[in-house]
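Accompanying notes for the structure given below.
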Amino acid sequence: MTQTFDAAFLVRWLATVAEAVDREADRLTELDSAIGDADHGANLRRGFAAVTAALAEDPPATPGGALAAAGRQLISTVGGASGPLYGTLLRRTGKALGDDPRVTREQLAEALGTGVAAVSQLGGAQVGDKTMLDALTPAVDGLRDSFGAARTAAEEGALATVPLRARKGRASYLGERSVGHQDPGATSSALLFAALDEVARGEASRGQVAPDEVARGEVAPDETQSDAEGAA
Numbered sequence: 237m238t239q240t241f242d243a244a245f246l247v248r249w250l251a252t253v254a255e256a257v258d259r260e261a262d263r264l265t266e267l268d269s270a271i272g273d274a275d276h277g278a279n280l281r282r283g284f285a286a287v288t289a290a291l292a293e294d295p296p297a298t299p300g301g302a303l304a305a306a307g308r309q310l311i312s313t314v315g316g317a318s319g320p321l322y323g324t325l326l327r328r329t330g331k332a333l334g335d336d337p338r339v340t341r342e343q344l345a346e347a348l349g350t351g352v353a354a355v356s357q358l359g360g361a362q363v364g365d366k367t368m369l370d371a372l373t374p375a376v377d378g379l380r381d382s383f384g385a386a387r388t389a390a391e392e393g394a395l396a397t398v399p400l401r402a403r404k405g406r407a408s409y410l411g412e413r414s415v416g417h418q419d420p421g422a423t424s425s426a427l428l429f430a431a432l433d434e435v436a437r438g439e440a441s442r443g444q445v446a447p448d449e450v451a452r453g454e455v456a457p458d459e460t461q462s463d464a465e466g467a468a
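Start counting the sequence shown at 237; every next residue gets the next number (this note's numbering).
The structure is reproduced here in structure tokens:
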């Protein structure tokens with residue numbers, strides 16, 4: 237039986253993202269200080285804290301509604317490039333999911349693909365330009381296979397930005413000097429998929445994911461019951 241996920245799952249995902257961003261904010265800002273405005277961590281911390289508060293105050297009824305509301309909150313709360321980019325990603329993903337009360341992992345992957353395409357159009361960036369797309373694009377491809385594959389692909393994509401020369405965003409002004417630095421947007425994008433994998437593992441440990449789906453690698457079992465886990 238294909239596993240489906242409700243609005244509460246998406247809310248938990250976004251809350252876990254907020255926790256991860258808060259934990260990694262200083263590192264994100266440090267990365268951004270090398271090739272950007274040194275505000276990426278602080279901006280995302282503020283934005284995802286606002287998302288968590290908004291969803292708690294007005295709980296969404298559908299997965300699409302959760303992501304669309306999160307996107308709108310980020311756009312209205314976060315300045316710089318990260319607010320519009322992450323806001324567009326989530327808002328367009330939510331819109332693509334529509335009003336279905338439950339969605340499959342495959343549906344989420346397809347919807348995120350729509351969101352990533354919107355980010356690419358908004359920022360004019362492609363994979364290889366040393367932006368968040370270097371993590372987002374492979375992560376969406378990985379999500380078509382499993383949550384764990386999405387996480388791994390995003391993390392590898394972020395690391396792969398180190399030797400790249402930035403071709404979009406503020407980092408592009410540095411030219412060759414942008415080489416040797418990990419892109420902060422790709423790094424924060426990887427946090428999204430690490431959080432998604434963490435929440436999915438939590439579902440598995442509570443028996444909310446069918447054992448046959450765990451066996452197929454759609455969600456890795458949590459054997460310890462306690463282990464979880466640049467802007468363009």
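Beta carbons: idealized from backbone N, C-alpha and C, even for Gly. Given the structure is predicted, the values throughout are model-derived calculations rather than measurements.
Integer-rounded CB distance, given that leucine 333 should sit under 8 Å from alanine 345 = That pair is no contact at about 11 Å.
request  = Drop a sphere of 10 angstroms on the beta-carbon of glutamate 391, count the other beta-carbons inside from all chains shown, and report buried for 16 or more, exposed for fewer.
outcome  = Classification for glutamate 391: buried.
query = Can you tell me whether proline 337 is buried or exposed, with buried defined as 16 or more other CB within 10 angstroms of its CB?
reply = Proline 337 is exposed by the Cβ-count criterion.
query = Going by alpha carbons, who is nearest to arginine 387 out of Ala353, Leu432, Ala302, Gly416?
reply = Leu432
Cβ shell of leucine 291 (< 6 Å), same chain only, five flanking positions each side left out = Val247
ask   = Do you know offhand how far aspartate 262's Cα is from threonine 329's?
value = 28 Å
key: Residues of its chain near alanine 251, where Cβ-Cβ distance is below 7 Å and the 5 sequence neighbours each way are ignored   = Thr288
query = If glycine 283 and leucine 310 are in contact, beta carbons under 8 Å, what's the gap, nearest whole angstrom?
reply = 5 Å
key: the stretch 413-425 in contact with the stretch 354-369 per 3-pair CB rule at 8 Å   = Yes, since at least three Cβ pairs between the stretch 413-425 and the stretch 354-369 fall closer than 8 Å, the two stretches touch.
query = Within the 9 Å Cβ cut-off, does arginine 401 reach chain B?
reply = You won't find chain B in this structure, because it holds only one protein chain.
ask   = Over what stretch of residues does the alpha helix (DSSP H) that includes glycine 351 continue unbroken?
value = Start and end: 341-359.
message = Please state the DSSP three-state secondary structure of threonine 240.
response = Reduced to three states, the DSSP call for threonine 240 is strand.
key: Chain-order list of residues whose beta-carbon lies under 8 Å from that of alanine 278 (same chain, five-residue window excluded)   = Ala261, Thr265, listed in sequence order.
ask   = Just checking, does the stretch 348-356 make contact with the stretch 406-417 on the three C-beta pairs under 8 Å criterion?
value = Remark: fewer than three beta-carbon pairs, one from each stretch, lie closer than 8 Å, so the stretch 348-356 and the stretch 406-417 are not flagged as touching.
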